[in-house]
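Structure record follows, encoded as structure tokens.
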Amino acid sequence: MDVPPAPDAEQLRGILSGDARDLAPQLLGAVLRHESRDGAVAVRLTEVEAYMGPEDSLHPDPGSHTYRGPTARNAPMFGPPGHLYVYFTYGMHHCTNIVCGPAGAASALLLRAGEVVEGVELARLRRPTSKHRSDLASGPARLAKALGLTTADSGRDALAPPFALVLPPGPAGDVSSGPRVGVSGAGGSEEYAWRFWLTGDPTVSRYKPAVQRPRKHRPAPAPGTARFHQR
DNA sequence: CACCAGATGTGCT
DNA sequence: GCACATCTGGTGT
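When we follow the working numbering, the leftmost residue of the first sequence carries the number 5, and every step to the right adds one.
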């Protein structure tokens with residue numbers, strides 16, 4: 005029985021140059037591996053979310069970090085596919101995306117959850133608070149922590165050492181979809197149901213709707229007052 | 001299950 | 001300057 009050869013890194017990059025929303029189901033079941041000085045950890049992805057860029061005029065994505073254009077932080081999202089976009093949030097967490105789409109088009113898949121399939125001991129050391137093996141990478145910041153990723157890894161190529169990405173040979177299982185987690189405003193609505201997960205997988209993070217923030221009151225400048233910059 | 005403190009980079013004003 | 005954040009873990013009901 006001939007098995008089609010696994011795509012090499014550049015073929016994989018070609019695949020990843022597609023639309024993140026179409027790629028999401030293919031990435032479910034894929035394995036991302038990171039080898040560090042401390043050892044290797046690999047995660048089989050079970051939950052991802054697509055984020056698009058401002059250039060998608062049909063469906064500009066108000067939930068995306070790129071909605072208001074390029075900045076120093078989101079620059080990797082505008083770069084070539086197959087690279088990592090890692091950002092820091094809530095004062096103590098990192099989240100990891102794999103960049104999709106051709107260079108110049110900002111889109112990515114946020115890695116929300118997975119199953120640690122290699123380096124469970126190291127992942128446990130990195131995540132001492134996890135009580136069960138299924139908790140090790142069950143959430144975007146948990147997944148980044150288990151893989152040992154920080155903003156220092158943002159922009160690095162996920163398809164070259166010390167990283168590796170392997171797609172599943174075929175569909176990994178039934179895929180469900182729904183609104184994205186933690187995205188406030190319209191970007192978190194059913195209209196942007198760009199969260200995808202393997203139906204019934206125990207490592208998928210528990211759904212939590214975005215916290216509804218009462219629009220913070222921004223005092224209007226009193227009439228007659230002017231603002232000017234220090235210099 | 002609900003609620004909430006934590007702690008700081010980032011981008012808008 | 002300051003509000004917000006693609007979240008997590010702990011506590012209490």
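For glycine and all other residues, C-beta sits at the position ideal for the given N, C-alpha and C.
- Taking a cut-off of 8 angstroms for Cβ pairs, the stretch 83-93 and the stretch 16-25 touch, as three or more such pairs fall below it.
- Here DSSP, grouped into helix, strand and coil, assigns D157 to helix.
- Rounded to whole angstroms, R48 and V35 show a C-alpha spacing of 4 angstroms.
- Short of 7 angstroms from the beta carbon of S181, and not among the five residues preceding or following it, lie these beta carbons of its own chain, in chain order: A197, R199 and F200.
- When V179, A164, P213 and L202 are compared, the shortest CA-CA separation from D12 is found for A164.
- Using a 10 angstroms sphere on the CB of Y94, the tally of other CB atoms stays under 16, which defines it as exposed.
- Under the Cβ criterion (8 angstroms, minimum of three pairs), the stretch 125-141 does not count as touching the stretch 52-60.
- Rounded to the nearest angstrom, the gap between the Cα atoms of A190 and G67 is 7 angstroms.
- In terms of Cα proximity to R25, the closest of S111, T154, P74 and F92 is S111.
- With a cutoff of 8 angstroms on beta-carbon distance, L202 and T100 are scored as not near each other.
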